[in-house]
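Q:
There are 2 protein chains.
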Amino acid sequence: MPNSTEYFKEYFKSLPPTHVVKGQILLRPGEPADKGFYVESGCLRSYIIDDKGKEHIYQFAPEDWVITDEEAMMDHKPSILFVDAVEDSVIKIMNRPADLLTADMTLEESKQLIQKLQKKVYVFRRRIIQLLSSSAEERYSSFVSTYPNLVQRVPQKMIASYLGITPESLSRVRKELVGKK
Amino acid sequence: MPNSTEYFKEYFKSLPPTHVVKGQILLRPGEPADKGFYVESGCLRSYIIDDKGKEHIYQFAPEDWVITDEEAMMDHKPSILFVDAVEDSVIKIMNRPADLLTADMTLEESKQLIQKLQKKVYVFRRRIIQLLSSSAEERYSSFVSTYPNLVQRVPQKMIASYLGITPESLSRVRKELVGKK
DNA sequence: CGTGGAGTTGAATACGATCAACACCGGTGG
DNA sequence: CCACCGGTGTTGATCGTATTCAACTCCACG
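So the sequences go chain by chain: A and B.
Using the numbering used here, the letters of the first sequence correspond one by one to residues 47 to 227.
Using the numbering used here, the letters of the second sequence correspond one by one to residues 47 to 227.
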């Protein structure tokens, strides 16, 4: 769930804002991922739908975050992810972001990007370790303390999807937790 | 499970080789992660031990891969990971690798590193999505097709740990799979 | 209003974990 | 060279956590 570097921020400011409504889909699997979405206000998410038809949320992007299918973007492959709006949002759409990276980047900018990527790797690491080692309840508690603002804004079933559990299980976990507190 | 960039490869070649034996621990939680380990032959792994005393393997590093606690390294924090040898191995030990990155890196080199980090992010993405959406059997099948050479060399219990299941479950999954084939 | 999605709750089920016993080596020392 | 030992993997029985399926409530929104 990385936010933008200084480098990109400048660039985003220069772009015209786009208004999107809750539920609006910005990227679908199979489409070229030649756009990046910077979130000015609101919240987007990316997710896959597996072969059993179940949604799995890969990341949330609230204010000041960038979201797209980066792998598809960098390698000029079709996207495997959906991106849509969790809330009505104002975003900046960045065209051909891959070129932005490979072309006229200074050393300073590329070092910033390295920092950024590294942070992202850390976030993923925590998530992997948590998926390997923690129960549903521990994962939810950890989510609440890590992203307290998202808990308010995002429907429970999406949080469940992000955590890798069913909405019913999350409901029960929450019931347990109020009992404990 | 990223391997090294061209940039780093040159550097590694210049280092003296170190022989380590199976089971030898190279990094422990709490120690400063001021070394990176490049694997010339053999295989290392990194893992955590959780509060219930269970091992969770974060990554394997066979030939031509680099392994350490990168987060600890970059931020000069103590490591949270163990690194040890899965097999007798020949490695190159890189001292203060963080400095190597931040200091005298050219634009070309930093772009290589960006590519590298991005690949790593992709690998993690697949692992996250798989942990979210796949059964033990699917995860193992996928591991076998992605890392066929590791399956031969790494003890099953370590593969189980990497996949987030118990050795007993993996044994049963394997039994199921031979039946199917 | 009334309709549909979100959340909750209950009951039955399934998957993987746990605990325990045992077989099968690979290596070590006598 | 062989006997023993410890670790690895297998198998069985039982348990626990989360899933599934279903019913119901409650709003938010038309």
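For glycine and all other residues, C-beta sits at the position ideal for the given N, C-alpha and C.
Computed from a predicted model, the values in this text were never measured in an experiment.
Compare the C-alpha of A/N141 against each of A/Q70, A/P78, A/S179 and A/S135 and name the closest.
A: When each option's Cα is compared against that of A/N141, the closest is A/P78.
Q: Does A/L90 come out as helix, strand or coil in the three-state DSSP assignment?
A: A/L90: strand per DSSP, three-state reduction.
Q: Is there at least one Cβ from chain B nearer than 8 Å to A/N49's Cβ?
A: Below a pLDDT of 50, predicted positions are generally treated as unreliable, and A/N49, at 47, falls in that range; the measurement from the model is reported next regardless. It does not: the Cβ of A/N49 has no partner Cβ on chain B nearer than 8 Å.
Q: Which residues does DSSP list as the beta-bridge partners of A/F106?
A: In DSSP, A/F106 forms a bridge with A/R91.
Q: Can you tell me whether B/G210 is buried or exposed, with buried defined as 16 or more other CB within 10 angstroms of its CB?
A: Result: buried.
Q: Nearest by alpha-carbon distance to B/P213: which of B/L223, B/A182 and B/V66 is it?
A: Closest option to B/P213, Cα to Cα, is B/A182.
Q: DSSP state of A/A79, grouped into three classes?
A: It is coil, neither helix nor strand.
Q: Could you please give me the residues that DSSP links to B/V66 through a beta bridge?
A: Looking at the DSSP assignment, B/V66 forms a beta bridge with B/S135.
Q: Output, in chain order, the set of chain B residues within a Cβ distance shorter than 8 Å of A/Q158.
A: Per Cβ cutoff of 8 Å: no residues; A/Q158 is ~10 Å from chain B at best.
Q: To which residues does DSSP link B/D130 through a beta bridge?
A: The partner list for B/D130 (beta bridge, DSSP) reads B/I71 and B/R91.
Q: Under 8 Å by Cβ, that's how I've got A/P124 and A/A118 pegged, so tell me the actual separation to the nearest angstrom.
A: Contact flag correct, Cβ pair sits at about 6 Å.
Q: Under 8 Å, Cβ to Cβ, is there at least one residue of chain B near A/F170?
A: Chain B, which has a Cβ nearer than 8 Å to the Cβ of A/F170, makes this yes.
Q: Would you kindly work out how many angstroms separate the C-alpha atoms of A/A206 and B/S87, rounded to a whole number?
A: One C-alpha to the other measures close to 42 Å.
Q: Is the beta carbon of B/S179 within less than 7 Å of some heavy atom of the ligand FMN?
A: Ligands are entirely absent from the displayed structure, and the ligand FMN is therefore not among its contents.
Q: In its own chain, which residues sit with a C-beta less than 6 Å from the C-beta of A/I160, not counting the 5 before and 5 after it?
A: If we look at A/I160 and ignore the five residues flanking it on each side, it has no Cβ neighbours.
Q: Spatial neighbours of A/K59 within its chain, please: CB distance less than 6 Å, with the 5 preceding and 5 following residues excluded, ordered by chain position.
A: Here the set comprises nothing.
Q: Excluding the 5 residues flanking B/P63 on each side, which residues of the same chain have their C-beta closer than 8 Å to its C-beta?
A: Answer for B/P63: E86, V136, I137 and K138, listed in chain order.
Q: Can you say whether B/S179 is buried or exposed, counting buried as having 16 or more other CB atoms within 10 angstroms of its CB?
A: So B/S179 counts as buried.
Q: Under 8 Å between the Cβ atoms of A/F170 and B/V167?
A: Cβ atoms of A/F170 and B/V167: closer than 8 Å.
Q: At a CB distance below 9 Å, what residues from the segment 207-227 of chain A approach chain B? Give them in sequence order.
A: Correct list: S207, Y208, L209 and G210.
Q: Please report the straight-line C-alpha distance between A/E116 and B/L223, rounded to a whole angstrom.
A: In a straight line, the C-alpha of A/E116 is about 34 Å away from that of B/L223.
Q: Can you pull the chain B residues whose beta carbon is under 9 Å from the beta carbon of A/E116, in chain order?
A: What A/E116 touches in chain B: Q164, V167, Y168 and R171.
Q: Say whether chain B places a C-beta atom closer than 8 Å to the C-beta of A/L61.
A: No, because no Cβ of chain B sits closer than 8 Å to the Cβ of A/L61.
Q: Ends of the alpha helix (DSSP H) at A/L178?
A: Residues L153 to S179.
Q: Going straight from the alpha carbon of A/Y193 to that of B/V67, what length do you get?
A: One C-alpha to the other measures close to 43 Å.
Q: Examine chain B for any beta-carbon lying closer than 8 Å to the beta-carbon of A/L153, and answer yes or no.
A: A/L153 counts as touching chain B.
Q: I'd like the span of the alpha helix (DSSP H) that includes A/S125, first residue to last.
A: Segment: none, A/S125 is in no alpha helix (DSSP H) and carries neither H nor E.
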